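To keep things clear, I will list the structure first and then write my remarks on it.
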C-alpha cells in the first residue's frame, strides 16, 4: 500500500536539543499504524511535527505526496489530518451535539455538515442517545468516543490519536479500541500513539517501536508485538 | 409535541399577551412605573447575558453604555430641538449606535485581558464615562445634570404607557437577538469561548473577533434602554446613569435566573426588580436595599451557583431519567 503520510530523515526538537534524529516513518493508506515506545522516545514530537505545531529542523514530511512542512495547523487540518489529543478536549458545558458540530466549525456548507452529523450519529450511537446532555456528564470513555466523532466531522483522510486509552478502565479501554477498529474498517487511516503497547500493537496493521528519536523496529503489528526483545523490553515478558 | 413543550408555549403566549395589555388592565401609575423598570431590567439583563452569559466574560461596566445612551439621546434632543412626544423615541436607535461605537473602542482594549482583569478594566471604563459626564460641563451640564424634553401632553395615567411600550419593544429586541445568537454558529463559537478559549481557537473559532462582536451587540440595546430611561426620568445626572449598581443589578439578575440561558435573565429581573423597588420605597435614600442585594447574591452563590433555570432543568432531567429507568 502507498504511504499516505511519509516522514523522511526528519530531525526535530525543542530549545534543549533534537528529539527526533533522521527519522523515517511511513503511514500506510487505509491501515492502522501504531507507534509505541518509552517516555521521551519522541512519540509526541512526531505528532507535533505532523500537525504543524513544531517545524522540523531537517527532513521532509509529505501527505498524499505533497510537502506539509511549514504549513499552519489550520492548513494541515484543512488538508485532512485531524488529531484527537491525549487530554480531554470536549467543551464541558456544551451538549454532546454541540461538541460534535464544533468539529466542522470551519466548514460553511450546512448541508454537508448535516450529512456528516447523520453519518457520525450512525457510527457512534452515544452521540444520538446523549445528544442534549452536557459533555461533562459523560463517562471518560464516552467522552473519548465523542471526541472521535467530532474528529470525523471534517471527513479526514488521516486521524491521529494520541494515547486514547490514557486514564480509562480496562472495559472502557476495550470499547475505545473497538471503536478505533470500526473507524478503520469504515475507511479511515489511523496513526495511533499508545503507551499500552499490547493493545495498540494488537490492533495495528503496522507497528513502530521508537527509541531515543529513532525507529528501533517496525513491521506488522502482531509481528512486532510477538518480537521477543520487544516483549521483554516493553511488555514485561520474562526471557 | 410533549406536554411540557405545550405547557411552555402556552405559558409563553400568556406572558406575551399579559405584557402587551398590562397598561390597559392595570393603568395606575404606580403599577406601570413598576412595569417600566421591570421590563427595563429584563432588557438590560438579557443584553448583558449575550456577553457575560455566552462568552463567560463578566463585564461590570455595562452601565457605561446605559449612561452613554442616556446622554446621547438627551444631547441629540436638545441640540436638534426635538419636540417632546413620540419624536425623541426615533432617536433611540442613534443612541444605541453611539453606545455600540463606544463598545467597540472599550472592547478593543478591554478584551485583551481575561477573567478578573477584564472585570476590573470594564469597571474602570464605566467610571471614566462617569468622570467624562461630570467634567465636560459645557457639553453635559456636569454635576448639574442634563434635562430632556418633557412630554406634558401625556398627563395622568397615560404618562408611563409610551415608555412602558418602548421598554417592552427593546426587551423583545434583546430577547430576539439573544435567541437568534444562541441558535447560530456564532453563538456556538461564543459558548466554546466560555468553556475554553484556547480550545475554541484550535477548532477554528475567531475568538477575538467574536468576543468584540458579542460585547458590541450586548452594548447596543443597553444604550437604547439607557436613552429611553433618560427620557422617562426627564433629567439625568452622571452618578445615576453611569451607576455601578445598574451594572451589578444586570449581573445579579442573570446569575439568579441562570447564566447563558434565555429565560434566566427574564426570571432574574422579574424576581429582583419589583423587590428592589419595594425596598427602595420603604427605606428611601438610606440605600438599605443594597443589603438585600448583597444577601441575595450570597444566597445565589451558595445555593444556586448555576441559577434557577439550569437548576430546575437539571431537576426535571433527573426526574425524567428516573421515570425512564425500570
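Protein chains in written order, with the working numbering: chain D, 9 to 247; chain L, 80 to 405.
Don't be surprised by glycine CBs; every beta carbon is placed ideally from N, CA and C.
All values reported here derive from a predicted model rather than from experimental measurement.
- Here the C-alpha atom of residue 127 of chain D lies approximately 51 Å from the C-alpha atom of residue 307 of chain L.
- By the 16-neighbour rule on beta-carbons within 10 angstroms, residue 63 of chain D is exposed.
- Rounded to whole angstroms, residue 334 of chain L and residue 78 of chain D show a C-alpha spacing of 46 Å.
- In this structure, the alpha-carbon of residue 82 of chain L lies about 10 Å from that of residue 88 of chain L.
- Here residue 289 of chain L is buried, its C-beta having at least 16 other C-beta atoms within 10 Å.
- Between the C-alpha atoms of residue 132 of chain D and residue 186 of chain D there is a straight-line separation of about 12 Å.
- Relative to the Cα of residue 60 of chain D, the nearest Cα in the group D:135, D:139, D:82 belongs to D:82.
- The beta carbons of residue 331 of chain L and residue 117 of chain L sit no closer together than 8 Å.
- Within the segment 124 to 200 of chain D, the runs of beta strand (DSSP E) that reach at least 3 residues and sit entirely inside it are, in chain order, 166 to 170.
- By the neighbour-count criterion, in which a residue is buried when 16 or more other Cβ atoms sit within 10 angstroms of its Cβ, residue 188 of chain D is buried.
- Listed along the chain, the chain D residues whose CB falls inside 8 Å of the CB of residue 278 of chain L are 97, 99.
- By the C-beta density criterion, residue 297 of chain L is buried, having at least 16 other C-beta atoms within 10 angstroms.
- Distances from the alpha-carbon of residue 197 of chain L to those of L:207, L:186, L:206 put L:186 closest.
- If you look at residue 275 of chain L, you'll find it isn't in any beta strand (DSSP E); DSSP assigns it neither H nor E.
- Shown here, residue 352 of chain L sits in a helix according to DSSP, grouped into three states.
- In this chain, the alpha helix (DSSP H) harbouring residue 397 of chain L covers 387 to 403.
- In the three-state DSSP reduction, residue 43 of chain D falls in the strand class (E or B).
- Taking the Cα positions, residue 163 of chain L is about 48 Å away from residue 276 of chain L.
- Following the DSSP letters along the chain, one finds residue 22 of chain D inside the beta strand (DSSP E) bounded by residues 11 to 22.
- Take residue 103 of chain D, set aside five residues on each side of it, and the residues of its chain with a beta-carbon closer than 8 Å to its own are 139, 140, 141, 142, 143, in chain order.
- Between residue 82 of chain D and chain L, the shortest Cβ-Cβ separation is below 8 Å.
- Annotation: the continuous alpha helix (DSSP H) that includes residue 328 of chain L extends over 323 to 336.
- Going by C-alpha positions, residue 143 of chain L is about 41 Å away from residue 397 of chain L.
- Sorting D:48, D:75, D:18 by C-alpha distance to the C-alpha of residue 65 of chain D places D:18 at the top.
- Distances from the CA of residue 220 of chain D to each of D:166, D:20, D:27 were compared; the closest alpha carbon is that of D:27.
- A straight line joining the alpha-carbon of residue 224 of chain L with that of residue 316 of chain L spans about 4 Å.
- Contacts with chain D (Cβ-Cβ distance below 9 Å) from the segment 385 to 403 of chain L involve 396, listed in chain order.
- Buried is the label assigned to residue 208 of chain L, since at least 16 other Cβ atoms lie within 10 Å of its Cβ.
- Here residue 226 of chain D is bridged, per DSSP, to D:216.
- When DSSP states are grouped into helix, strand and coil, residue 26 of chain D belongs to the strand group.
- Residues 241 of the same chain have their beta carbon placed closer than 7 Å to that of residue 233 of chain L, with the five preceding and five following residues left out of the count.
- Beyond the five residues adjoining it in sequence on each side, residue 153 of chain D comes within less than 6 Å, by CB distance, of 132, 134, 187 in the same chain, given in chain order.
- Excluding sequence positions up to five before and after residue 193 of chain L, its CB lies within less than 8 Å of the CB of 136, 276, all in the same chain and listed in chain order.
- At a cut-off of 8 Å, the C-beta of residue 174 of chain D has no neighbouring C-beta in chain L.
- For residue 31 of chain D, the beta-bridge partners assigned by DSSP are D:18.
- For residue 169 of chain L, the enclosing alpha helix (DSSP H) stretches over residues 166 to 169.
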